[in-house]
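Accompanying notes for the structure given below.
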Amino acid sequence: MHNYLFKFVSSDCGSGKTYKLIQKTKASTEKVIIVQGTQKLCNQTYNDFADPIMVKLIISDEVQNVYDSVVDFLLNPSHRVLILCDVTFLQIKDISLLKSWKIYLDDVVSFHKFKNVNTEQKELVEKHLFHSYEGVSDNHVTAKPVTDFDDEVVAGAAGVFKFVKQYDYFLFNAGFFEKIGATDQYKRTKDQLQVMSWVNLNRFSSLDITFMAHDFENTLMFLSSPESFEATTLSGLRSRSKPVEQRMRVHYFSDVPLTRSLRDNSPEQFEKVLTWVNANVPKYIFTLNSDQSKDALNGTYITPKSRGDNEYQDYNAAVWLASMKPSNIEVKQVELMFKINRHQITQAREYEELYQFVQRTALRNFESDEEVDVYVFDKQQALSLSNNPFFIDLGIEVTNSVKVGSTFEPLHMTNSEKQAYKRIKNFTTKGSFDSWMNKKSQLSMSNRVREHFYSKWFSHQ
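Using the UniProt record's numbering, read the sequence shown as starting at 1 and increasing by one per residue.
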């Protein structure tokens with residue numbers, strides 16, 4: 001018999017998971033903790049309970065020191081139900097405080113964070129901010145964070161790594177700490193620290209925890225340890241009168257994948273899409289990456305991470321022009337520690353957030369047959385929503401127009417990359433092509449070469 005550590009409920013956006021959880025909690029006598037990803041969602045759930053005698057809400061909008069307030073509450077509970085954010089929940093190290101509670105993680109599916117830190121203060125990082133280094137490969141080391149400081153300067157520097165409080169393990173690029181010969185002098189060639197941090201799920205193994213999310217089996221949380229999860233159900237969830245795929249008309253503008261490189265180096269190509277949308281789509285919600293101006297489009301802006309925004313159900317058009325693809329470095333680190341590949345990260349991050357985004361529209365009404373037009377930038381994004389998307393040909397291409405002196409930059413592929421390029425046509429399905437592209441030799445390619453390979457494959461489909 002398999003001893004699963006956690007349970008999960010996997011159900012569509014808007015099927016009523018949180019609503020049914022509230023009903024179930026009200027009808028029971030159990031002590032319940034509900035953990036959600038944003039303060040907005042926490043407030044919404046608290047208001048839906050409409051019972052301040054039963055429910056305690058602890059978020060930064062309500063108290064000055066959230067973590068201390070949560071610990072105080074758990075030591076002396078004043079209510080039967082506690083609602084808090086995931087950032088606070090993951091900071092709780094004394095698991096004994098949680099043992100008598102039934103815990104639900106509602107739409108909390110991220111278990112890791114990747115961050116680049118540019119600094120020359122290598123000794124400070126190595127000797128004062130982290131400790132217990134262990135090599136896990138020729139290029140990577142793990143470490144544990146220092147959490148208590150006597151020195152105010154060191155404590156201030158640790159602010160750059162304030163996210164460490166909610167994670168348990170950390171992986172660094174070993175080259176950052178490389179020294180010259182046998183000296184204590186650091187090499188100056190690599191001043192970017194690449195940090196991946198993640199949650200140790202085993203820390204919560206003795207607790208009664210249920211995760212709830214859409215498509216939970218494709219979340220990074222599940223993929224990091226699939227053997228730890230057992231599917232369960234929540235009775236009374238809604239089902240759609242018409243499949244969501246039949247209610248979406250999905251349109252895309254480019255065979256070239258949307259990346260920051262494309263936006264930065266070929267901005268006029270991105271402008272083509274903005275111009276077309278402003279001229280042809282009358283009323284819509286839209287989203288862009290945070291480095292783009294919200295004034296670029298005439299519609300109603302909402303953030304790319306839009307879970308909990310339920311006030312846009314009167315819209316029947318949505319425009320997604322954001323990219324959340326992982327960097328090559330993040331892919332290598334996640335694959336090293338968890339055997340999760342690039343496609344899985346992109347699916348769990350970009351394509352899931354895209355799906356969540358379009359669910360803010362009239363699609364959220366399960367009883368409706370109304371169709372919604374969805375406009376995304378590239379073909380890969382479109383195929384994540386529909387098997388038959390419509391192509392709007394604006395002549396999108398990589399021009400590198402911001403390069404000085406030329407509008408074209410040669411790829412300069414290596415001989416091995418040129419040979420691999422000839423094999424692209426051998427892959428008849430996207431799954432087999434993704435698997436091949438995530439092998440070691442292809443992962444070493446530059447982002448631009450990888451984009452070229454994907455464009456070539458899509459052009460043959």
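From the three backbone atoms N, C-alpha and C, an ideal C-beta is built for every residue, glycine too.
In this text the structure is predicted, and so the values were computed from the model without any measurement.
Three-state secondary structure assigned by DSSP to residue i
i       : result
Ser-100 : coil
Ile-285 : strand
Glu-120 : coil
Ser-137 : coil
Asp-94  : coil
Ala-348 : helix
Ala-182 : coil
Lys-144 : strand
Ser-132 : strand
Tyr-312 : coil
Phe-390 : strand
Ser-446 : coil
Asp-434 : helix
Thr-407 : With a pLDDT of 33 at Thr-407, under the threshold of 50, the modelled position of that residue is not reliable, and the figure given next carries that caveat. Note: Thr-407 maps to coil in three-state DSSP.
Gly-395 : coil
Ser-416 : helix
Beta carbon of residue i nearer than 7 Å to that of residue j
i       : j       : result
Lys-305 : Glu-353 : yes
Met-196 : Gln-333 : yes
Gln-347 : Asn-218 : yes
His-140 : Ala-174 : yes
Trp-320 : Thr-275 : no
Met-212 : Val-9   : yes
Ile-396 : Val-250 : no
Val-70  : Thr-45  : no
Asp-138 : Arg-307 : no
Lys-113 : Ser-132 : no
Leu-237 : Ser-416 : no
Ser-228 : Phe-6   : yes
Tyr-104 : Ile-58  : no
Asn-447 : Ser-254 : no
Lys-102 : Glu-30  : yes
Lys-162 : Phe-176 : no
Alpha-carbon to alpha-carbon, residue j and residue i
i       : j       : result
Arg-80  : Thr-428 : 55 Å
Ile-83  : Leu-385 : 33 Å
Glu-330 : Arg-240 : 37 Å
Gly-405 : Glu-451 : With a pLDDT of only 38 at Gly-405, under 50, the local geometry of the prediction cannot be trusted, and no value is derived from it.
Ser-205 : Gln-166 : 17 Å
Asn-298 : Ala-317 : 13 Å
Lys-187 : Lys-115 : 21 Å
Asn-278 : Val-32  : 47 Å
Arg-349 : Thr-183 : 43 Å
Lys-272 : Lys-430 : 27 Å
Lys-99  : Ser-225 : 22 Å
Asp-68  : Asp-309 : 29 Å
Phe-338 : Gln-121 : 30 Å
Ser-78  : Phe-377 : 50 Å
Leu-234 : Cys-85  : 22 Å
Tyr-19  : Leu-220 : 25 Å
Pro-282 : Val-66  : 43 Å
Lys-26  : Asp-51  : 9 Å
Leu-193 : Glu-126 : 11 Å
Glu-134 : Ser-15  : 45 Å
Val-55  : Gly-37  : 18 Å
Asn-47  : Phe-390 : 41 Å
Phe-156 : Tyr-315 : Reading off the sequence, residue 156 comes out as Gly, not Phe. Roughly 46 Å separates the two Cα atoms.
Phe-458 : Gln-380 : 9 Å
Tyr-355 : Leu-383 : 11 Å
Ile-424 : Phe-49  : 54 Å
His-128 : Val-164 : 14 Å
Tyr-169 : Leu-394 : 46 Å
Residues bridged to residue i [DSSP beta-bridge criterion]
i       : result
Val-358 : The partner list for Val-358 (beta bridge, DSSP) is empty, contrary to what the question assumes.
Gln-36  : Cys-85 and Asp-106
Trp-198 : His-112 and Tyr-169
Asp-378 : Ser-254
Leu-193 : Val-117
Val-319 : Phe-286 and Tyr-375
Thr-300 : Ile-285
Cβ-heavy atom distance, residue i to the ligand ATP, below 6 Å
i       : result
Thr-210 : The ligand ATP is absent from the structure shown, which contains no ligand whatsoever.
Problem set entry | Segments of 4+ residues assigned as alpha helix (DSSP H) that fall wholly inside the stretch 202-288 | Taking only runs of at least 4 residues, the alpha helix (DSSP H) segments lying wholly in the stretch 202-288 are 220-223, 260-265 and 267-280.
Exercise. What residue ranges within the stretch 2-82 form continuous beta strand (DSSP E) runs of no fewer than 3 residues, ordered along the chain?
Worked result: With a minimum length of 3 residues, the continuous beta strand (DSSP E) runs that stay inside the stretch 2-82 are 6-10, 32-36 and 55-57.
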